[in-house]
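Asker:
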Amino acid sequence: MAEVGSAGAEQQAVEAVPDGRSEVVRAAGSDRQEGGGRAEHPVSGAEPGKRAVHPDGPSSTGTAPLPRVVSLAERRSAAEGFGSRGFGIPGFAAWPVQGSPKAEGKALRGRVPHAAHAELTSDADRPDAVSAVEESNRGRLSDLTPIRVGRMAATPFAFLRGSAGLMGYDLARTSMTGISAQICGDAHAANFGLYGDARGGLVIDLNDFDETVVGPWEWDLKRLATSLVLAGREAGADEDTCRAAAYDTVGAYRRTMRLLAKLPVLNAWNAIADEELVSHADAHDLLGTLERVSEKARANTSGRFAARSTEAVEGGGRRFVDAPPVLRRVPDAEAAAVAASLEHYLTTLSEDRLPLLARYAVHDVAFRVVGTGSVGTRSYVVLLLDHRGEALVLQVKEARASALLPHLATAGHRIPEVAHEGRRVVLGQKRMQVVSDNLLGWTSVDGLPFQVRQFRNRKGSVDPAALAADQMDDYGRMTGALLARAHSHSVDPRLVSGYCGKKEALDEAIASFAVAYADRTEADHAALVEAVRTGRIASEPGV
387 MAEVGSAGAE QQAVEAVPDG RSEVVRAAGS DRQEGGGRAE HPVSGAEPGK
437 RAVHPDGPSS TGTAPLPRVV SLAERRSAAE GFGSRGFGIP GFAAWPVQGS
487 PKAEGKALRG RVPHAAHAEL TSDADRPDAV SAVEESNRGR LSDLTPIRVG
537 RMAATPFAFL RGSAGLMGYD LARTSMTGIS AQICGDAHAA NFGLYGDARG
587 GLVIDLNDFD ETVVGPWEWD LKRLATSLVL AGREAGADED TCRAAAYDTV
637 GAYRRTMRLL AKLPVLNAWN AIADEELVSH ADAHDLLGTL ERVSEKARAN
687 TSGRFAARST EAVEGGGRRF VDAPPVLRRV PDAEAAAVAA SLEHYLTTLS
737 EDRLPLLARY AVHDVAFRVV GTGSVGTRSY VVLLLDHRGE ALVLQVKEAR
787 ASALLPHLAT AGHRIPEVAH EGRRVVLGQK RMQVVSDNLL GWTSVDGLPF
837 QVRQFRNRKG SVDPAALAAD QMDDYGRMTG ALLARAHSHS VDPRLVSGYC
887 GKKEALDEAI ASFAVAYADR TEADHAALVE AVRTGRIASE PGV
């Protein structure tokens with residue numbers, strides 16, 4: 387795997403997100419929390435563990451609040467009296483920055499003890515599993531929802547993968563520190579993988595951001611730990627091994643945050659190279675598996691997909707071949723609408739990418755079923771060919787509202803106003819990944835929001851449910867470290883590290899939560915299987 391360097395200007399150019407600190411002021415003249423009085427929510431100003439609303443309110447991006455506008459007089463006032471020259475510029479911290487992020491994080495332990503993260507409450511109003519699946523199917527293509535149900539009904543781990551919203555309901559009723567970050571929203575163990583970077587190398591990172599929001603960092607970590615327990619059970623590992631994988635996931639997250647907290651800010655932002663991260667996470671038992679996955683990923687390209695899924699047409703060019711229900715051709719009007727949407731997509735890219743795409747012509751559009759949670763959404767593949775007939779395939783995938791959105795208010799977060807769901811996904815992805823697809827953008831088709839990205843961009847993944855028992859803890863440590871690296875781009879790692887601490891109390895607590903939630907997921911899965919058996923809900927398994 388190639389070493390990962392800077393995330394690049396694209397990732398750094400997106401709007402500022404809260405770093406989680408009450409003392410960090412985003413603009414000169416902003417109110418500061420002085421000593422005395424009760425401690426406040428590090429982002430929203432409410433007490434930790436209580437439900438609160440971010441004082442800055444939502445941005446139009448639906449991801450993070452933007453800094454307030456500061457008057458010229460305030461800027462001049464802020465600069466007066468500094469020993470060195472200082473300017474109050476919106477989007478930057480005021481100088482001098484006061485307080486200690488590490489101490490603030492440590493102080494939160496008194497209000498939200500580590501042991502509180504083991505708790506999983508029962509709620510009489512919680513929707514039953516089948517109703518939750520039916521609700522999540524609303525707005526999807528009805529002829530495809532049986533495929534989605536069939537995939538979710540396959541195993542408890544598969545059910546978890548398709549039920550981010552139901553888990554969001556439960557997580558919103560757990561203890562939280564009040565520290566916010568850009569979160570994946572669906573950080574289960576199968577949502578980490580390999581993909582190609584702009585220089586032809588491979589990166590390992592989170593790779594699915596459909597549910598991304600600014601929210602509690604604990605949600606991602608608890609979902610990841612739970613998924614390791616379920617994947618381990620599916621793989622046939624004993625209960626001690628499954629719990630150890632969850633425990634090690636949290637420990638690796640905690641230690642990586644501590645490592646990042648010690649680095650200079652720019653070094654921490656540029657993060658840790660993949661090989662160094664695997665070594666730091668002590669995931670050496672995975673090296674052979676990662677090498678095999680890497681070899682397959684390098685061959686998993688647009689050209690290979692086009693060679694297998696298209697045919698030559700008279701007069702030159704190629705077109706997709708029907709392979710229903712997974713791949714099917716679409717009517718001319720639908721294909722034309724998708725193709726036309728690419729004009730707006732180009733405006734969302736950095737200008738230096740445009741000469742590359744100008745070398746390709748749009749040849750064909752087809753519909754392609756993807757994922758587990760995504761089944762039933764509108765997802766297209768677009769075939770582009772250059773003058774020599776070499777293929778580039780783009781995926782144009784519907785971007786629905788995050789499944790976590792209804793639960794943010796319960797957790798103390800204002801529900802954001804989202805101008806475009808595709809933009810939300812793209813900006814969230816760029817904030818979290820160390821390097822992103824250089825053709826990542828967004829558009830709209832017939833008024834619906836879509837994200838656009840390369841299809842089969844040398845992607846590869848480890849199936850956590852197929853790992854050997856002695857690899858489960860290694861995979862947990864690797865993904866826990868990757869998650870910490872992703873979160874550190876939007877929250878001060880010193881703050882999170884201060885809360886997590888050096889001891890293993892948090893590891894124990896979240897491992898206990900993960901086992902309990904895995905048990906709940908198995909019960910939910912059993913309810914779905916029974917509903918399929920009785921005909922309450924339609925299912926098409928094995929697709």
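Just so it is clear: in the sequence shown, position 170 is 556 by my numbering, and no numbers are missing.
Glycine included, every Cβ here is placed at the ideal spot set by N, Cα and C.
All of these numbers come straight from a predicted model, not from anything done at the bench.
#1: Give the C-beta separation of Asn686 and Lys845 to the nearest angstrom, bearing in mind that I take them to be a contact with Cβ-Cβ under 8 angstroms.
#2: Between the C-alpha atoms of Gln840 and Gly496, what's the straight-line distance to the nearest angstrom?
#3: Comparing C-alpha positions only, which one of Pro802, Ala805, Gly887 and Phe753 sits nearest to Leu780?
#4: Taking C-alpha atoms, which residue in Ala515, Gly472 and Ala480 lies nearest to Thr907?
#5: Within 8 angstroms, do at least three Cβ pairs link the segment 638-652 to the segment 827-835?
#6: By the three-class DSSP mapping on this structure, what secondary structure does Gln840 have?
#7: Between Pro602 and Met562, how many whole angstroms is the CB-CB distance? I'm expecting something under 8 angstroms.
#8: Tell me the DSSP secondary structure of His749 in three-state form.
#9: Using a 10 Å radius around the Cβ and a threshold of 16 neighbouring Cβ atoms, would you call Leu580 buried or exposed?
#10: Since Arg830 sits in a beta bridge, which residues does DSSP pair it with?
#11: I want to see whether chain D comes within less than 8 angstroms of Gly702, judged by CB atoms only; does it?
#12: Out of Asp708, Thr920, Ala904 and Leu914, which has the shortest C-alpha to C-alpha gap to Thr612?
#13: Do you know how far the Cα of Arg786 is from the Cα of Gly866?
#14: Considering only C-alpha positions, which residue in the set Gly814, Gly884, Ala854 and Arg922 is nearest to Ser343?
#15: With distances taken between CB atoms, is the gap from Ala698 to Arg690 smaller than 8 angstroms?
#16: Would you decide whether Glu729 is buried or exposed? Buried here means 16 or more other CB atoms lie within 10 Å of its CB.
#17: Excluding the five sequence neighbours on either side, which residues of its own chain have a C-beta within less than 6 angstroms of the C-beta of Ala669, listed in chain order?
#18: When we look at the beta-carbon of Ile923 and count the other beta-carbons within 10 Å, is it buried (16 or more) or exposed?
#19: Tell me which residues share the same chain as Gly887 and place their Cβ nearer than 6 angstroms to its Cβ, disregarding the 5 neighbours each side in the sequence.
#20: Please name the residue, chosen from Pro792, Leu825, Ala870 and Pro802, that lies closest to Pro741 on a Cα-to-Cα basis.
#21: Which runs of the beta strand (DSSP E) fall wholly inside the segment 535-601 and span at least 3 residues, in chain order?
#22: How is Lys889 classed by DSSP in three states: helix, strand or coil?
#23: Could you give the C-beta distance for Gly548 and Thr758, rounded to a whole number, given that I count them as a contact under 8 angstroms?
#24: So is His773 buried or exposed if we call it buried at 16+ other beta carbons inside 10 Å?
#25: From what residue to what residue does the alpha helix (DSSP H) around Ala667 run?
#26: What residues are listed by DSSP as bridge partners for Tyr766?
#27: List the endpoints of the continuous beta strand (DSSP E) containing Ala698.
#28: Bridge partners for Gly846 per DSSP, in chain order?
#29: Kindly indicate the opening and closing residues of the alpha helix (DSSP H) around Arg863.
#30: If you count every other CB in all the chains shown that lies within 10 Å of the CB of Ala491, and 16 or more means buried, which is it?
#31: Ends of the alpha helix (DSSP H) at Arg512?
#32: So the candidates are Val761, Ala489 and Glu625; which of them puts its Cα closest to the Cα of Val929?
#33: With a cut-off of 8 angstroms, do at least 3 Cβ pairs link the segment 569-576 to the segment 591-599?
#34: Would you kindly check if the distance between the Cβ of His793 and the Cβ of Ala502 is under 8 angstroms?
Answerer: This is what the structure holds:
#1: Along the sequence shown, one-based indexing puts residue 686 at 300. Along the sequence shown, one-based indexing puts residue 845 at 459. Asn686 to Lys845, Cβ: 6 angstroms. Contact.
#2: The residue given as residue 840 occupies position 454 in the sequence shown. The residue given as residue 496 occupies position 110 in the sequence shown. Between the alpha carbons of Gln840 and Gly496 lies a gap of roughly 46 angstroms.
#3: As a first step, residue 780 is located in the sequence shown; it is residue number 394 there, counting from the start. For Leu780, the closest alpha carbon among the candidates Pro802, Ala805, Gly887 and Phe753 is that of Phe753.
#4: To locate residue 907, count along the sequence shown from 1; it is residue 521. That would be Ala515, whose Cα lies nearest to the Cα of Thr907.
#5: With contact defined as three or more Cβ pairs closer than 8 angstroms, the segment 827-835 and the segment 638-652 are not in contact.
#6: In the sequence shown, residue 840 corresponds to position 454, counting from 1. If DSSP states are grouped into helix, strand and coil, Gln840 belongs with the strands.
#7: Locating residue 602 in the sequence shown gives position 216, where the first residue counts as 1. Locating residue 562 in the sequence shown gives position 176, where the first residue counts as 1. So it is a contact: roughly 5 angstroms between Cβ atoms.
#8: Counted from its first residue, the sequence shown places residue 749 at position 363. Note: His749 maps to strand in three-state DSSP.
#9: Stepping through the sequence shown from its first residue, residue 580 is reached at position 194. With 16 or more other Cβ atoms within 10 Å, it is buried.
#10: Here residue 830 is taken as the residue at index 444 of the sequence shown, counted from 1. The amino acid occupying residue 830 in the given sequence is Ser; Arg does not appear at that position. Partner(s): Pro835.
#11: The structure shown has no chain D; it contains just one protein chain.
#12: Translated into the one-based positions of the sequence shown, residue 612 becomes position 226. Of the candidates Asp708, Thr920, Ala904 and Leu914, the one whose C-alpha sits nearest the C-alpha of Thr612 is Ala904.
#13: Taking the sequence shown and counting its residues from 1, one reaches residue 866 at position 480. Taking the sequence shown and counting its residues from 1, one reaches residue 786 at position 400. Roughly 27 angstroms separates the two Cα atoms.
#14: Residue 343 cannot be examined here, being either before or after the span of the chain that is shown, 387 to 929.
#15: If you number the sequence shown from 1, residue 698 lands on position 312. If you number the sequence shown from 1, residue 690 lands on position 304. Contact flag unset, no.
#16: On the sequence shown, residue 729 is found 343 positions in, with the first residue counted as 1. Glu729 is exposed by the Cβ-count criterion.
#17: Within the sequence shown, residue 669 is the residue found at index 283, counting from 1. The beta carbon of Ala669 is closer than 6 angstroms to those of Asp860, Arg863 and Met864 in its chain, skipping five residues each way along the sequence.
#18: As a first step, residue 923 is located in the sequence shown; it is residue number 537 there, counting from the start. Label assigned to Ile923: buried.
#19: The residue given as residue 887 occupies position 501 in the sequence shown. The beta carbon of Gly887 sits closer than 6 angstroms to none of the beta carbons in its chain outside the five residues before and after it.
#20: For the purposes of this step, residue 741 is taken as the residue at position 355 of the sequence shown. If we check each option's Cα against that of Pro741, Leu825 comes out closest.
#21: 566-569, 578-582 and 588-592, all fully within the segment 535-601.
#22: On the sequence shown, residue 889 is found 503 positions in, with the first residue counted as 1. Lys889 falls in the coil class under three-state DSSP.
#23: Position 162 of the sequence shown, counted from the first residue, corresponds to residue 548. Position 372 of the sequence shown, counted from the first residue, corresponds to residue 758. Contact between Gly548 and Thr758 holds: their C-beta atoms lie close to 5 angstroms from each other, under 8 angstroms.
#24: Translated into positions along the sequence shown, residue 773 becomes position 387. His773 sits exposed, since fewer than 16 C-beta atoms from the chains shown fall within 10 Å of its C-beta.
#25: In the sequence shown, counting from the first residue as 1, residue 667 sits at position 281. Premise fails: Ala667 is in no alpha helix (DSSP H) and is neither H nor E.
#26: By 1-based counting over the sequence shown, the position of residue 766 is 380. The secondary-structure analysis by DSSP pairs Tyr766 across a beta bridge with Phe753 and Val782.
#27: Looking up residue 698 in the sequence shown gives position 312. For Ala698, the uninterrupted beta strand (DSSP E) run begins and ends at Thr696 to Ala698, by DSSP.
#28: As a first step, residue 846 is located in the sequence shown; it is residue number 460 there, counting from the start. Paired residues: Leu580.
#29: Against the sequence shown, residue 863 aligns to sequence position 477. Where Arg863 is concerned, the enclosing alpha helix (DSSP H) stretches over Ala855 to His873.
#30: If you number the sequence shown from 1, residue 491 lands on position 105. It is Gly, not Ala, that sits at residue 491 in the sequence shown. The residue is buried, with at least 16 neighbouring Cβ atoms inside 10 Å.
#31: Mapped onto the sequence shown, residue 512 falls at position 126. First-last for Arg512: undefined, no H or E at that position.
#32: As a working mapping, residue 929 is identified with position 543 in the sequence shown. It is Val761 whose Cα lies nearest to the Cα of Val929.
#33: Taking 8 angstroms as the limit for Cβ pairs, the verdict is that the segment 591-599 does touch the segment 569-576.
#34: Against the sequence shown, residue 502 aligns to sequence position 116. Against the sequence shown, residue 793 aligns to sequence position 407. Contact annotation: Ala502 and His793 have beta-carbon atoms that are not nearer than 8 angstroms.
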